[in-house]
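Okay, so here's the structure we're looking at.
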């Protein structure tokens, strides 16, 4: 089943030089900030003139400008003012900003940039301005890489803009791993795939000879855990992303092992194991291979997920009848139930911020993706459809991806994203073919 991915991933995993400030120090940080609240807010209007192409880089400059805008607009927090409304024309990266012209079209932020190419080397630089105060926000930044990595550099620019305006880290320079699906519904071929967070640069990690489920990135993004049916029974496999090397985790207890997930330190994993008709949660040390049983109820305990500090585990259990969400210490012990609403709860995942738990809920014949506080309070349902399931968090804890499938025999699963405010409708992530069970990586290095 192994597919060599080292060469296939090389182009999209090319390193980019760290962002460095370029000459021309900016004034003190301006006051423009976008603050998150529970209320409805208007998207911040911004202008992004096409980046200047230097040395014949006009086409790639246009592509980078477009992708930066696409990233920002997709959050629902920003609204681009179309170029047709611009009063000023930016003809040089070093031109003085005519703030009155940008105020005239009600722009609150202005992004300018330039792109240059020398052989295969690509350099992108940009500045961000607070139009109302007439100040540059922080120093200008510059990214350098190869021409093949232009999408990553665009995502890095968008991340920097997002961070300066919201005060929080972005999530655009990241990847997703998922199950790519093809063929009829009753005979689906499934294989692991990775792509940029927006679905671009899709690459396959396995072939379709064995059923695969539940891929999960390590905290460093360099390894993937998933469940494979290559042996005829579910078994947990560990894969190195760069080389494609993989191995089944040995010495695991039980007849079937599944639903694996890394601890925050990346050195241990939690998973479910079925023995004699009972399913419990175990923790395994990856270096020694030793396992510890964490739950022991005569019921089904599955879908474990660590808290960001590694001290607690959230999981689903049917110990009280219907499936509900519980939290227990990472070392095991008596769990406490935190879900309390009507319906069935499953696939809980702790936010990387530590403040929320995302989950799947089945209620009145519909499936939902929702969030709740870690004590079970303030439950909010963000989506509703024939089948929504399997949430995964963006690196900054502000967006959730999940699987959505339409009704009927021809229903094809797809990956969608929704922000945790629920203000914006879910957006489909455009990958090739059907897709399910996404897992979000950390920000790329």
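Numbering (mature numbering (1 follows the signal peptide of the UniProt record, and there is no 0)), first residue to last: -25 to -1, 1 to 420. Where a beta carbon is used, it is the ideal one built from N, C-alpha and C, also for glycine.
| request: Report yes if the C-beta distance between residue 100 and residue 120 is below 8 Å; otherwise report no. | output: no
| residue 126: which of 387, 45, 241 sits nearest, CA to CA? | 45
| field | Secondary structure, alpha helix (DSSP H): runs of 4+ residues fully inside the region 197 to 252 | value | none
| If you draw a straight line from the C-alpha of residue 148 to the C-alpha of residue 252, how long is it? | 43 Å
| Check whether residue 220 and residue 212 have beta carbons under 8 Å apart | no
| Quick one: what's got a C-beta closer than 8 Å to residue 195's C-beta in the same chain, skipping five residues either side? | 241, 417
| said: Once the 5 residues before and after residue 43 are set aside, which same chain residues still bring their CB inside 6 Å of it? | reply: 129, 132, 133
| Are there three or more Cβ pairs, one per stretch, closer than 8 Å when the region 21 to 38 is compared with the region 80 to 97? | yes
| query | Curious, which full-length beta strand (DSSP E) runs of at least 3 residues does the region 53 to 81 contain? | reply | 53 to 55
| task | Provide the residue span of the alpha helix (DSSP H) that contains residue 463, from first to last. | result | A question about residue 463 goes unanswered here, because the residues of the chain that appear run from -25 up to 420.
| said: Could you pull the DSSP bridge partners for residue 281 from this structure? | reply: 288
| request: Would you tell me roughly how many angstroms separate the C-alpha atoms of residue 123 and residue 35, rounded to the nearest one? | output: 10 Å
| said: Let me check understanding here. Comparing Cα to Cα, which of 296, 290, 191, 299 lies closest to residue 305? | reply: 290
| task | With DSSP collapsed to three states, give me the class of residue 352. | result | coil
| query | So residue 79 and residue 62 are in contact, right, with Cβ under 8 Å, and what is the actual spacing, rounded? | reply | 5 Å
| task | Could you say which of 284, 235, 48 lies nearest to residue 260 if we only look at CA atoms? | result | 235
| Neighbourhood of residue 204 by C-beta distance below 7 Å, restricted to the same chain and skipping five residues each side | 185, 186
| By the 10 Å Cβ neighbour count, where 16 or more other Cβ atoms means buried, how is residue 425 classified, buried or exposed? | This structure cannot settle anything about residue 425, because the visible part of the chain is limited to -25 through 420.
| Can you give the Cα-Cα distance for residue 77 and residue 136, rounded to whole angstroms? | 18 Å
| said: With a threshold of 8 Å on Cβ separation, who are the neighbours of residue 286 within its own chain once the five nearest residues in sequence on each side are excluded? | reply: 304, 305
| query | What residues are listed by DSSP as bridge partners for residue 125? | reply | For residue 125, which the question treats as bridged, DSSP gives no partner whatsoever.
| field | Where residue 190 falls, given that 16 or more other Cβ within 10 Å makes a residue buried | value | buried
| said: DSSP has residue 147 in a bridge; who is on the other side? | reply: Note: residue 147 sits in no beta bridge, so no partner.
| query | Fully enclosed by the region 392 to 420, which beta strand (DSSP E) runs are 3 residues long or longer? | reply | 402 to 404, 409 to 415
| request: Find out if the Cβ-Cβ distance for the pair residue 300, residue 314 is shorter than 8 Å. | output: yes
| request: Work out the CA separation of residue 175 and residue 274 for me, nearest whole Å. | output: 41 Å
| said: Just verifying my parser: in three-state terms, what is the DSSP assignment at residue 257? | reply: strand
| said: At the level of alpha carbons, what is the spacing between residue 414 and residue 113? | reply: 33 Å
| request: Could you give the DSSP three-state label for residue 2: helix, strand or coil? | output: Because the pLDDT of residue 2 is 47, which lies under 50, any placement of that residue in the model is unreliable, and the number read from its coordinates should be weighed accordingly. Residue 2: coil per DSSP, three-state reduction.
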